[in-house]
Amino acid sequence: MSSRRIIIGDVHGQYDALLQLMEAIAPQEKKPVYFLGDLIDRGLNSAEVVEFVRQHRYGCLLGNHEQMLLEVLGSQGRNDGGNVAGLAL
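Each number in the numbering used here comes from the position in the sequence shown (counting from 1) with 705 added on.
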């Protein structure tokens with residue numbers, strides 16, 4: 706049994722690039738895949754990236770971009786809107 710683990714970081718909403726990467730590395734069910742956070746922001750397809758990781762039940766750490774989004778969403782109206790510029794999900 707191989708001890709290979711696949712670790713991916715900083716996808717930043719780049720769904721098409723993620724699909725290309727996954728095709729290239731061809732993960733198998735018994736080979737764990739982990740994401741090191743920053744699935745969202747910068748790219749145009751953050752929601753698709755999050756859904757892909759969720760559907761495949763891959764392990765994922767919370768990155769600083771997810772943390773910033775959670776902080777903005779948790780501000781309950783105290784935000785002037787400036788903090789959400791660029792945080793696309």
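A virtual CB, placed ideally from N, CA and C, is assigned to each residue, including glycine.
1) Buried or exposed for K775, going by 16 or more other Cβ atoms inside 10 Å?
2) According to the neighbour-count rule (16 or more other Cβ atoms, all chains shown, within 10 Å of its Cβ), is E771 buried or exposed?
3) Is the CB-CB distance between I798 and L723 below 9 Å?
4) Is V716 helix, strand or coil by DSSP?
5) Counting C-beta neighbours from all protein chains within 10 Å, is the total for H761 16 or more, i.e. buried, or is it exposed?
Taking the geometry as given:
1) For the purposes of this step, residue 775 is taken as residue 70 along the sequence shown, with counting starting at 1. Here the sequence assigns Leu to residue 775, which means Lys is not the residue at that position. So L775 ends up on the exposed side.
2) Position 66 of the sequence shown holds residue 771. Its Cβ being crowded by 16 or more others within 10 Å, E771 is buried.
3) This structure gives no information on residue 798, because the portion of the chain shown stretches from 706 to 794.
4) As a first step, residue 716 is located in the sequence shown; it is residue number 11 there, counting from the start. Coil at V716, not helix or strand.
5) Residue mapping note: residue 761 aligns to position 56 of the sequence shown, counting from 1. H761 is exposed by the Cβ-count criterion.
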